[in-house]
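Each remark here refers to the structure printed beneath this line.
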Amino acid sequence: MLKHQIVVFLFFIIGKCLCQDDILLQIPQGILKGVQRTDRKNGIFYSFQKIPYAKPPIHELRFKEPEAAENWEGTLDATNDLPSCIQGGEAGVAGGQEDCLYLNVYTPQKPADSYDTYKSVMVFIHGGSFAANSASETLHSPVFLMPEDIVLVTINYRLGIFGSFSLNDTSLDYPGNLGLKDQALGLKWVKDNIKRFGGNENDITIFGESAGGVSIHLQVLSPLSAGNFHKAIIQSGTAISPWAQGVPNSGVLLATALGISTDNPQEMINQLLALDVSAIQTVSLVLDDSLNYPIVEPEGPNSFLTKNPLAIIQEGTYNQVPLMVGSTNAEERDTDEANELLQKIFDFYFDGEEPTLQNHEMSLINLFTDIWFGYPAVRLALEHVKTAKNPIYFYRFSADTELNVYKRRDLTTANFPGAAHGDELGYLFRTFLHDTIISEITPDSVEDKAIDRITALWTRFAKYGDPTSGDFNEFKWEPVTNDTFNYVDFGSTTTNPGVNPDEDRMNFWHDVYSSSNFLTYSKSLLIVVSIVSTLLFNSKE
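All the letters of the sequence shown, read from the start, carry residue numbers -19 to -1, 1 to 522 under mature numbering (1 follows the signal peptide of the UniProt record, and there is no 0).
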């Protein structure tokens, strides 16, 4: 019996490659061999995985800006999933590899020399605190989105210190934001090549969640990506989130942690390049997570971000494209100024009491949701609408079904109401978590209908720039205006339009940010979170 099960398992794993004819596609870099597959509704699509878009960032290219991939000879096997980049920071685990700058392409179009129509393209940037996860099918299977008749691309980018390494010494050309520049090069690859897959190079939507949402917002703000996309969906993370502020000169901090002591910057670089990747990764796991985040760079020919994100928004000097922005409704489960802010928070959220898990569970969820994701998303819309030339659609995601796999993977949060951080991804992508939490999605179930509803609205925005345009008549999703903060709430079974989400809570944070410098309060918030977390820890004892 065991032998039979092993045979069946092996057939399931490799069957997609053995039972299909080779699918060959010529692109400018060479020939790709892909595979024909089926989506969740038994529709056919074609998969091309682990396509290099940049040279491997190894040896002398470690910590350098990405360079376009070279052509290859013969046929490149694109039937196996891409690897993870080196994991770091809060991932807390080893794994991944330096040679990781690949992307996956999934298309409903059978490869041909030309196509009758060219499909809208959606490019996904994964999250993970700029330190973890990947674009792999394990985390982002295309089978939920492919029935919507779009071309889907998922992109890897360098993580942790490998994606954020920077030096203040401009003569050495290590300005930072490497992972974001990887993404930008990946977007250029999509723009240049996606027509060969049956995608419309003039109709590209970028979308991402958490650190991926921050990344998408930064691509909108960066001149480096100008012209390479046409719409953007920013999910649960923005460039003005208080946690998305990095630390410059991270290379020196890394070298110090590794015991490299020299006054010669080039010698420091030489020693870092000579180290085995595992030594750097091990040390990076204990460095402060802020080293992984985006920074403002010096001006240069390939600079990604040279001004504070809020200043760019207020000036209107960004890529003017339609935006869809939002967060889930239950995302998170200087000293004098921080103390003042802490007292304001205690008064508003906890009636002046010190918070405990026993007495203030939902208030704590609301607090951390608002600090990290809720208010930054609202602030993004409020600031962008002042200078935007295209519509901004805002949402809150509160659906709570078996597809909330990120909440349900943790027994301590599984029964909390609402949608936790990342839960909307369970409706857009199948992941390895679905296999253990909801292995089968019954036709016409709440989950089945929710996938149809969510994927339809995401892809309608990608196709038309308006998620409820054309023949859609269930409701009208109005954009945010200077006068009215319109939004929709994605519930378990319905999508409901409204105005002013969580109005009292958002007004509280609007007053907080209006009363002080944005960056100053961002730093104070980090102190406040530390204090509240300490109080919670002590309350459990």
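Note that beta-carbon positions come from the ideal geometry of N, C-alpha and C, so glycine has one too.
- When the five nearest sequence neighbours on each side are left out, the beta carbons in the same chain lying within less than 7 angstroms of the beta carbon of E41 are those of L254, in order along the chain.
- Using a Cβ-Cβ distance cut-off of 8 angstroms, the segment 159 to 167 and the segment 136 to 143 are in contact, since at least three pairs of beta carbons, one from each stretch, lie closer than that value.
- Excluding residues up to 5 positions away in sequence, A400, A401, D404, G407 lie with their Cβ nearer than 8 angstroms to the Cβ of N385 in the same chain.
- For I418, the closest C-alpha among the options W439, K388, D20 is that of K388.
- Distance check between T474 and each of T287, D381, K14 places D381 closest, using alpha-carbon atoms only.
- Where L13 is concerned, the enclosing beta strand (DSSP E) starts and stops at 11 to 19.
- In its chain, beyond the 5 residues on either side, M103, K212, A443 have a beta carbon closer than 6 angstroms to the beta carbon of T186.
- Secondary structure of F471 (DSSP, three-state): strand.
- Shown here, E296 sits in a helix according to DSSP, grouped into three states.
- By the neighbour-count criterion, in which a residue is buried when 16 or more other Cβ atoms sit within 10 angstroms of its Cβ, S259 is exposed.
- Proximity to I276 across E182, Q247, G157, S101 peaks at G157, based on C-alpha coordinates.
- Within the DSSP bridge table, the entry for M103 names L133, T186 as partners.
- Around the beta carbon of V461, 16 or more other beta carbons lie within 10 angstroms, which makes this residue buried.
- Within the DSSP secondary-structure output, C66 pairs in a beta bridge with Q78.
- Bridge pairing for N85: T135 [DSSP].
- Under the three-state reduction of DSSP output, P478 falls in the strand class.
- Contact check for G24 and P123: beta-carbon distance about 11 angstroms, past the 8 angstroms limit, so the pair fails to qualify.
- In chain order, A220, L286, P290, I293, I294, Y299, N300 place their CB closer than 8 angstroms to the CB of L202, counting only its own chain and leaving out the 5 sequence neighbours on each side.
- Boundaries cannot be given for P398, as no beta strand (DSSP E) includes it and DSSP labels it neither H nor E.
- Counting along the chain, no alpha helix (DSSP H) covers S308; the unbroken beta strand (DSSP E) around it starts and ends at 304 to 309.
- For T368, no beta strand (DSSP E) run applies; the uninterrupted alpha helix (DSSP H) run containing it begins and ends at 356 to 368, by DSSP.
- Restricting attention to R43, S217, R177, G446, the CA atom closest to the CA of F143 is found in R43.
- When the Cα atoms are used, L159 and N273 turn out to be separated by approximately 10 angstroms.
- Cβ contact annotation for S196 (same chain, cutoff 7 angstroms, sequence separation greater than five): I106, L161, Q164, G189, in chain order.
- Boundaries of the beta strand (DSSP E) around L5: 4 to 8.
- The C-beta of A311 has 16 or more other C-beta atoms within 10 Å across all chains shown, which makes the residue buried.
- Y356 places its beta carbon 8 angstroms or farther from that of Y468.
- Assigned with DSSP and collapsed to three states, Y155 falls in coil, not helix or strand.
- When DSSP states are grouped into helix, strand and coil, T382 belongs to the coil group.
- Your pair L126 and L409 checks out as a contact, with CB atoms roughly 6 angstroms apart and the cut at 8 angstroms.
- Under the three-pair Cβ rule at 8 angstroms, the segment 53 to 68 counts as touching the segment 29 to 41.
- Annotation: the continuous beta strand (DSSP E) that includes A213 extends over 212 to 216.
- By the neighbour-count criterion, in which a residue is buried when 16 or more other Cβ atoms sit within 10 angstroms of its Cβ, T436 is buried.
- Sorting Y374, G446, S308, E428 by C-alpha distance to the C-alpha of S191 places S308 at the top.
- Excluding the 5 residues flanking it on each side, P303 has same chain C-beta neighbours closer than 7 angstroms at K212, N371, P372, G446, in chain order.
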